[in-house]
Amino acid sequence: NEKERKKGRKKRERKKERNEKERSKMSATVPLHHKSAVPRPTLEQLRCITAEYKLQLSDAELQEYREVITGMLGAYDALEEMPEPKLPVKYQRMPGYRPASSENPSRAWAWKSRVEGASGADLPLAGKTVVVKDNIALASVPMLNGCSLFSTLIPDEDATVVTRTLDAGAVILGKATCENLCLSGSSFTTTHGPVLNPHDPLRTAGGSSSGCGVLVANGEADLAIGGDQGGSIRIPAAWCGIVGLKPTHGLCPYTGILPIEPTIDYVGPMARTVGELATFLDVLAGSDALLDPRQREVGPHGSFHFAEHLHADLEAGVPGVRVGLLLEGFGVPDMDPAVAAAGGDAAQR
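Taken in order, the sequence shown gives residues 36 to 384; the numbers are from our numbering.
(1) Is the number of C-beta pairs between the segment 198 to 205 and the segment 313 to 321 that are closer than 8 Å three or more?
(2) Count the other C-beta atoms from every protein chain shown that fall within 10 angstroms of the C-beta of Thr386, then say buried if there are 16 or more, exposed otherwise.
(3) Give every residue of the same chain whose Cβ lies closer than 7 Å to the Cβ of Leu81, excluding the five residues on either side of it in the sequence, and list them in chain order.
(4) Restricting to Cα atoms, I'd like to know which of His340, Met107, Arg133 and Ser175 is closest to Val124.
(5) Based on Cα-Cα distance, which residue from Val333, Glu350 and Leu280 lies nearest to Val309?
(6) Quick one: is Ser243 buried, meaning 16 or more other Cβ sit within 10 Å of its Cβ, or exposed?
(7) Taking its Cβ as the centre, do 16 or more other Cβ atoms sit within 10 Å of Gln330, making it buried, or is it exposed?
(8) Return the bridge partner residues of Pro335 from the DSSP annotation.
(9) Tell me whether Lys104 is buried or exposed, calling it buried when 16 or more other Cβ atoms sit within 10 Å of its Cβ.
(10) Over what stretch of residues does the beta strand (DSSP E) that includes Met129 continue unbroken?
(11) Are the segment 233 to 253 and the segment 141 to 154 touching by the rule of at least three beta carbon pairs closer than 8 Å?
(12) With distance defined between alpha-carbon atoms, name the residue in Pro76, Ile260 and Ile299 nearest to Ala313.
(13) Is DSSP giving Val150 helix, strand or coil here?
(14) Does Glu311 pass the burial test, meaning 16 or more other C-beta atoms within 10 Å, or should it be called exposed?
(15) When DSSP labels each residue in this structure, what does Asp263 get in the three-state scheme?
(16) What does a CB cutoff of less than 7 Å around Pro297 pick up in its chain, not counting 5 residues either side in sequence?
(17) Please classify Gly291 as buried or exposed, where buried requires at least 16 neighbouring CB atoms within 10 angstroms.
(18) Select from Asp235, His234, Leu216 and Ile171 the residue whose C-alpha is nearest the C-alpha of His227.
(19) Let me make sure I understand the geometry here. Which of Cys287, Pro368 and Val374 has the alpha-carbon closest to that of Gly11?
(20) Rounded to a whole number of angstroms, what is the C-alpha to C-alpha distance between Ala342 and Leu179?
(21) Reducing DSSP to helix, strand and coil, say where Thr85 ends up.
(22) Can you check whether the CB of Lys210 is closer than 8 Å to the CB of Val167?
(23) Rounding to the nearest angstrom, what Cα-Cα distance links His346 and Pro140 in this structure?
(24) Based on DSSP bridge pairs, tell me the residues matched to Leu385.
(25) Could you work out which residue in Leu122, Gly285 and Pro354 is closest to Glu334 when comparing CA atoms only?
(26) Which partner residues of Val73 appear in the DSSP bridge assignment?
(27) Pull up the distance between the alpha-carbon of Arg47 and that of Gly109, whole angstroms please.
(28) Which one or two residues does DSSP pair with Thr164 in a beta bridge?
(29) Can you look up Pro271 in the DSSP assignment and give me helix, strand or coil?
(30) Which two residues bound the contiguous alpha helix (DSSP H) that contains Tyr289?
(31) Identify which residue in Ala240, Lys45 and Arg384 has its Cα closest to the Cα of Thr212.
(32) When DSSP builds the beta bridges, which residues end up paired with Tyr301?
(33) If you draw a straight line from the alpha carbon of Val278 to that of Pro372, how long is it in whole angstroms?
(34) Indicate the three-state DSSP secondary structure (helix, strand or coil) for Ala1 in the structure shown.
(35) Between the beta-carbon of Arg133 and the beta-carbon of Leu208, is there less than 8 Å?
(36) Can you give the beta carbon distance from Gln264 to Tyr301, rounded, assuming they're within the 8 Å contact cut?
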């Protein structure tokens, strides 16, 4: 009836008036031109939250909470306004392409490109070719991280280890396939299909730096930059028959690399010989001016001389050195006897 309609109309008008007052309060607290990193909650949103959790708070109390929340979010605004460090891109490159199956039978290539580094015969990596694991930023080249979720991700900067590799005279040939989100120690989880072992395509190449191990083992690259959290350099290196090192935590900067968790993230070299590995480690190791929080009390880049110490030790020999053998490693249930025998023979030599 007419009386009920008038009552409903007045109720809507009162609600509209309250909303106008709330919008006025909000504009007084947060200017319209203010761009927030995190949007401030409105009173209406806070009312919905209290109703959902069966709380009973007055509008005055909700306004107090809103002011507290707004004050706390100011820290996010300050962080958003800080200039973000930008990693340099010093060398020209072509975007490249994803190779067809005929050019990539082992599926070890995620992307082929070519980036020529500094010139100079005296540079430590002069004439060496390198591939980088596909969770490492190489500007203008897609970074898939072994996962279709990252199919549109194209970095606009080079990871610190990429720049150091190019400064040392290497040529980067592209990105090596890695396992899906770098979360597998085998080589069958990447979005483009299993990466095949270079010695037996019926066997796994190991992961998650699977493509790195294969491309170095079959001679398509001299060196690789891998990543390791739970064996992701060491497993493919062992299963592909090359050398890989998980360095001391923070020794090589992780800046510009997709992480898993800072306390277990490592980046390191992979090569065919220990000598090449030591030279490459010299190139990669050292502080990157505090951009990587993992690098506490790490010495400056170029200060370690791993290759020099290695060659000195080789000349001196290792008389009297005693090597321990973990017997439990040779008694794993269902272990292939041929694998145990090969390890034992190598230890005897």
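Here a beta-carbon is modelled for each residue, glycine too, at the ideal position from N, C-alpha and C.
In terms of the structure at hand:
(1) yes
(2) Here the chain has residues from 36 to 384 only, and residue 386 is not among them.
(3) Here residue 81 refers to the residue found at position 46 of the sequence shown. Contacts found: Leu97, Tyr100 and Arg101.
(4) Taking the sequence shown and counting its residues from 1, the one referred to as residue 124 is at position 89. Val124 has its Cα closest to that of Ser175, out of His340, Met107, Arg133 and Ser175.
(5) Translated into positions along the sequence shown, residue 309 becomes position 274. Selected option, being the one with the closest Cα: Leu280.
(6) Within the sequence shown, the letter at position 208 stands for residue 243. Answer is buried; the Cβ neighbour count reaches 16.
(7) Here the question's residue 330 lines up with position 295 in the sequence shown. Answer is buried; the Cβ neighbour count reaches 16.
(8) Numbered from 1 along the sequence shown, position 300 holds the residue referred to as residue 335. Looking at the DSSP assignment, Pro335 forms a beta bridge with Ser322.
(9) As a working mapping, residue 104 is identified with position 69 in the sequence shown. Rather than Lys, the amino acid found at residue 104 in this sequence is Ile. Label assigned to Ile104: exposed.
(10) Numbered from its first residue, the sequence shown carries residue 129 at position 94. For Met129, the enclosing beta strand (DSSP E) stretches over residues Arg128 to Tyr132.
(11) The segment 233 to 253 is in contact with the segment 141 to 154.
(12) As a first step, residue 313 must be located in the sequence shown, where it is residue number 278. When only C-alpha atoms are compared, the closest one is Ile260.
(13) Here the question's residue 150 lines up with position 115 in the sequence shown. It is a strand residue.
(14) Within the sequence shown, residue 311 is the residue found at index 276, counting from 1. Glu311 should be labelled buried.
(15) The residue you call residue 263 lines up with position 228 of the sequence shown. The answer is strand: DSSP assigns Asp263 an E or B state.
(16) The residue you call residue 297 lines up with position 262 of the sequence shown. Excluding positions up to five away in sequence, the list reads Pro328 and Arg329.
(17) Start at 1 with the first residue of the sequence shown, and residue 291 comes out as number 256. Flag for Gly291 reads buried.
(18) In the sequence shown, the residue the question calls residue 227 occupies position 192. Selected option, being the one with the closest Cα: Leu216.
(19) A question about residue 11 goes unanswered here, because the residues of the chain that appear run from 36 up to 384.
(20) Reading the sequence shown from its first residue, position 307 is the one you call residue 342. Reading the sequence shown from its first residue, position 144 is the one you call residue 179. Going from the Cα of Ala342 to the Cα of Leu179 covers about 33 Å.
(21) Counted from its first residue, the sequence shown places residue 85 at position 50. If DSSP states are grouped into helix, strand and coil, Thr85 belongs with the helices.
(22) The residue given as residue 167 occupies position 132 in the sequence shown. The residue given as residue 210 occupies position 175 in the sequence shown. In this structure, Lys210 lies closer than 8 Å to Val167 by Cβ.
(23) Counting from 1 along the sequence shown, the entry for residue 346 is found at position 311. Counting from 1 along the sequence shown, the entry for residue 140 is found at position 105. Distance between the alpha carbons of His346 and Pro140 is about 37 Å.
(24) This structure gives no information on residue 385, because the portion of the chain shown stretches from 36 to 384.
(25) As a first step, residue 334 must be located in the sequence shown, where it is residue number 299. The sequence as given places Gly at residue 334; Glu does not occur at that position. A check of alpha carbon separations from Gly334 across Leu122, Gly285 and Pro354 identifies Gly285 as the nearest.
(26) The residue labelled residue 73 in the question sits at position 38 within the sequence shown. Paired residue(s): none; Val73 is not in a bridge.
(27) In the sequence shown, counting from the first residue as 1, residue 47 sits at position 12. In the sequence shown, counting from the first residue as 1, residue 109 sits at position 74. Cα to Cα, the separation comes out at about 35 Å.
(28) Along the sequence shown, read from residue 1 onward, the residue named residue 164 stands at position 129. Answer is Val206, bridged to Thr164.
(29) As a first step, residue 271 must be located in the sequence shown, where it is residue number 236. In the structure shown, Pro271 sits in a helix (DSSP, three-state: H, G or I).
(30) For the purposes of this step, residue 289 is identified with residue 254 of the sequence shown, where counting begins at 1. Per DSSP, Tyr289 is not a residue of any alpha helix (DSSP H), being assigned neither H nor E.
(31) Numbered from its first residue, the sequence shown carries residue 212 at position 177. With distances taken between Cα atoms, Thr212 lies closest to Ala240.
(32) Reading the sequence shown from its first residue, position 266 is the one you call residue 301. As DSSP reads the structure, Tyr301 sits in a beta bridge with Asp263.
(33) Working through the sequence shown from its first residue, we reach residue 278 at position 243. Working through the sequence shown from its first residue, we reach residue 372 at position 337. Roughly 23 Å separates the two Cα atoms.
(34) A question about residue 1 goes unanswered here, because the residues of the chain that appear run from 36 up to 384.
(35) As a working note, residue 133 is residue 98 in the sequence shown. As a working note, residue 208 is residue 173 in the sequence shown. No.
(36) For the purposes of this step, residue 264 is taken as the residue at position 229 of the sequence shown. For the purposes of this step, residue 301 is taken as the residue at position 266 of the sequence shown. The Cβ separation is near 7 Å, so the contact holds.
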